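Some notes on the structure that comes next.
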Amino acid sequence: MSSLMFTSIPWYQNVARSDSWNFSLQSQNSGMISSLRNFQVDQILEMILQFCYGLPADLNPNNIAALRCASEYLEMTEEFEDGNLITKAEAFLTFVVLASWKDTITVLKSCETLSPWAENLQIVRRCCDSIAYKASRENSSTGEIVSEESWWLDDVATLRIDHFMRITTAINAKGTKAEIIGKCIMHYAGKWLPDMDEGLEGLRGYGFGKRELQFSVLRRNEEESAGQNKEQRTIIESLVSMLPSQNGAVSCKFLLQMLKTAMVYSASPALITDLEKRIGLMLEDANANDLLIPNYKDEDQGLMLNSPEQRTMHNIDVVQRILDYFLMHEQQQQKIGKTTVSKLLDNYLAEIARDPNLSITKFQALAESLPENARSCDDGLYRAIDIYLKTHPSLSEHDRRRLCKIMNCEKLSFDACMHAAQNDRLPLRIVVQVLFSEQAKMRMAMQGKESSIIADNSEQEEPRPSTNTEIKNLKSELENVKTKMAELQNDYSDLQQEYEKITSKHKNASPWILNWRKIKNSLHVVAESDDNGDGQQRQNKPGFRLSFRRRRSVS
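In the working numbering, the protein residues as written are 451 to 1005.
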């Protein structure tokens, strides 16, 4: 219907601004008309015209907000006629719309194209308060977070971010649990923000395992408007600002996904720091795969860094800062247990060790971030070092020794020691340390088992059958330990011969030869003390000597 048809209609009976309205219809430049364009302005004008001629107005949740704004602009108040359009629209909003959850959501969504009129008329505020009241009442009645009972999350997640913030803030002000607020935020982020794991799926691979990333990250399509990126950045910043301060309100995995998304869309440094601190407080709940953060450049949305020093696949500096925040928090809380984080860090080191551009300095700094007492076992650290040595075969002997000094050979398990003794990637000095530490542990184990057997025999002169069985088991275990130690000694002797062959080529005798002889003598003394009686018979058994074979990798 053409808007020029209304220029000659007598509006003065119901409308105060009839002259202004007629002029607006002709010029089509009015701010009000511009606001109504997206809401089928012809239909709104037709409904107002029908109302002025006494015809019944078809008020419904889809058009009530636009009618209320138009009636306000036309000043259709009670001053001109009782029961004018403003009064009828207000009554419909108050008694019909706000009483229904679905209708309130519909009206609030329609207000997105009616700014600032819907804001000035308090339509948005009243809808948000009504939704918050109904949602908080539902949560207080249930008391628990159950997916079937959180039916309102899907409806709230369809709203614009500013309306969502107002509703969430109002729900939080009513004393709702932080876990419910966190679930609401995660639900909204899952609907409006891209899934980083799926978004980077096409970039995985390049020969380093399916969880690795390519070095080159394609630029975003040039057709993608800057406004859309700005909208995504606004959503991220708004959601982070609403996160509850309590730990556990949102998962650590969600925080890491938000951090990746924030880096892609060039969020503010303050927001990045806030997310890093939050993740640091929950680092024990993370896993190594979630910590694999692509190395993006902040100022160019997704463009990978090109300098040789920074062209690593993953952003190591971010993880280093997160770990520092965790250690600061642990120090303030005076906590000692860091075993979970030490395993997490070792697994992360094993993942990034496959990066050929990862410098030994960064790897060493990250591995040494935890205090010495944080690791009860260094098997995970040894695995990461072995993978790094395999990926970087051109390392010098000095760098290999420098890298291996990170781990404590005394904290390696027996299997790890046996692998290290046959690992040709390790420096010879480190292999000697591994063998020496394993020999010391074997000696202590044998002494402890022998003393326990003697103590058991002295306690009871006539032991019961069950006690005899236990003693036999202990003796059998002791024999196994002695056998393993003898095998280790043979490996040590072979290694000594290999080393003497290498050093004999030099003219000047190395001071190491004297140390080798001392170690050899000490080993012979131990062997004689441990092999009294039946030990000599074991040495004559066929197939006793362990062949000295060196495995390739532990990874």
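We treat Cβ as the ideally placed atom computed from N, Cα and C, and that holds for glycine. These numbers were taken from a predicted model, which means no experiment stands behind them.
May I ask you to report which of helix, strand or coil DSSP gives residue i?
i, result
"H779", "helix"
"Y949", "helix"
"H842", "coil"
"P744", "strand"
"I686", "helix"
"K932", "helix"
"T527", "coil"
"N510", "coil"
"P719", "helix"
"D805", "coil"
"M732", "coil"
"R818", "The amino acid occupying residue 818 in the given sequence is Glu; Arg does not appear at that position. E818: coil per DSSP, three-state reduction."
"Q678", "helix"
"V606", "helix"
"W567", "helix"
"L862", "coil"
"M708", "helix"
"M857", "coil"
"C519", "helix"
"C827", "coil"
"G659", "For G659, the predicted model reports a pLDDT of 39, less than 50, meaning its position is unreliable and no value from the coordinates is stated."
"Q872", "coil"
"Q696", "coil"
"S943", "helix"
"G649", "Residue placement at G649 is flagged as unreliable, the pLDDT there being 48, under the threshold of 50; the coordinate-derived value follows with that caveat. In this structure, G649 counts as helix in the three-state DSSP scheme."
Give me the Cβ distance between residue i and residue j, rounded to the nearest whole Å; I'm assuming they're in contact under 8 angstroms.
i, j, result
"I581", "T554", "6 angstroms"
"G830", "N797", "7 angstroms"
"A803", "F813", "7 angstroms"
"A717", "R761", "The pair is not a contact, with the Cβ atoms about 23 angstroms apart (cut-off 8 angstroms)."
"I743", "L693", "19 angstroms between Cβ atoms; not a contact."
"H613", "L558", "6 angstroms"
"L741", "L706", "7 angstroms"
"L839", "V881", "Actually they are not in contact, since the Cβ atoms of L839 and V881 sit about 13 angstroms apart, beyond 8 angstroms."
"I686", "L643", "7 angstroms"
"I729", "I766", "I729 to I766, Cβ: 15 angstroms. No contact."
"L564", "A639", "In fact, because the Cβ distance is near 26 angstroms, the residues do not count as touching under 8 angstroms."
"M732", "N745", "At roughly 23 angstroms, the Cβ-Cβ gap does not stay under 8 angstroms, so M732 and N745 are not in contact."
"Q770", "L816", "6 angstroms"
Buried or exposed: where does residue i fall if 16 or more other Cβ atoms within 10 Å of its Cβ makes it buried?
i, result
"D828", "buried"
"A520", "buried"
"S586", "buried"
"T723", "exposed"
"T790", "exposed"
"G698", "exposed"
"A736", "buried"
"E927", "exposed"
"R575", "exposed"
"E847", "exposed"
"A516", "buried"
"N873", "buried"
"W601", "exposed"
"Q784", "exposed"
"A720", "exposed"
"K925", "exposed"
"N823", "exposed"
"P992", "Any reading at P992 must be qualified, since the residue scores a pLDDT of 42, below 50, and its modelled position is unreliable; the value itself is stated next. Result: exposed."
"K932", "buried"
"D984", "Legend: pLDDT at D984 = 47, less than 50; position of this residue unreliable, no value from coordinates given."
"E948", "exposed"
"M935", "buried"
"A712", "buried"
"Q782", "exposed"
Hey, residue i and residue j: beta-carbon distance below 8 angstroms or not?
i, j, result
"R610", "E562", "yes"
"L820", "L795", "yes"
"S833", "S792", "Here the sequence assigns Arg to residue 833, which means Ser is not the residue at that position. The answer is no: Cβ separation not under 8 angstroms."
"N512", "T556", "yes"
"I835", "I856", "yes"
"I631", "I621", "yes"
"L938", "E860", "no"
"C577", "L603", "no"
"R879", "R852", "no"
"E734", "Y775", "no"
"V547", "I514", "yes"
"L885", "A871", "yes"
Any idea which residues DSSP pairs residue i with across the strands?
i, result
"H637", "H637 pairs with nothing; no bridge assigned."
"H613", "H613 is not bridged to any residue."
"H764", "P744"
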